[in-house]
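Number 1023 marks the last residue of the sequence shown (the numbering used here); no jumps.
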Amino acid sequence: MSNLSRVLAADIAGHQFHRAHEYANYALAGATPLAIVSKKDGFLQRVADLGFAVAIPVHMHIGMNACITDYLPSAARGVARAGLLGATVVSVVGLLKINIMGPGVTQTVKGLWHRPGASK
């Protein structure tokens, strides 16, 4: 199985991908409280944001591959997995862009609970 085939079928590609999914779970479980209690634009918040930028797409990619395996017919799996890989790449790039050029994932999510133009 080639490396690209393994990434495309991440749910059934072997032990490394199951471990990656497990580590993504740990990263999300650790980064979430860290993001909540850290200071705005602080070092710990940046660490949590970078953790989110990697862990969310890894978790999504492997988990959705399992859904593709379970619920789609064999003929549709290749196209669905290629589309999912594209969505995963776009997610990584988008989250990294928010972290590097914007306020970060944490401040972006916290901003959902604030009215635009409200005093801070």
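For every residue, glycine included, the Cβ atom is placed at its ideal position computed from N, Cα and C. Computed from a prediction, not measured in an experiment: that's the story for all the values here.
N- and C-terminal bounds of the alpha helix (DSSP H) containing residue i
i, result
"Ser-898", "No answer is possible for residue 898: the residues shown for the chain start at 904 and end at 1023."
"Pro-936", "918-940"
"His-962", "946-974"
"Arg-909", "906-911"
Rounded C-alpha distance that separates residue i from residue j
i, j, result
"Ala-951", "Arg-980", "33 angstroms"
"Val-992", "Asn-906", "16 angstroms"
"Leu-937", "Ser-994", "21 angstroms"
"His-1017", "Gln-1010", "11 angstroms"
"Leu-947", "Ala-990", "28 angstroms"
"Asp-914", "Gly-1020", "44 angstroms"
"Leu-911", "Val-1008", "26 angstroms"
Status (buried if at least 16 other CB within 10 Å, exposed otherwise) for residue i
i, result
"Pro-960", "buried"
"Arg-984", "buried"
"Ile-965", "buried"
"Ile-971", "buried"
"His-924", "buried"
Integer-rounded CB distance, given that residue j should sit under 8 angstroms from residue i
i, j, result
"Ala-958", "Ala-930", "4 angstroms"
- Query: Pairing CB atoms from the region 990-1010 with CB atoms from the region 949-965, are three or more of them under 8 angstroms?
  - Reply: In short, these stretches touch, since the Cβ pair count reaches three.
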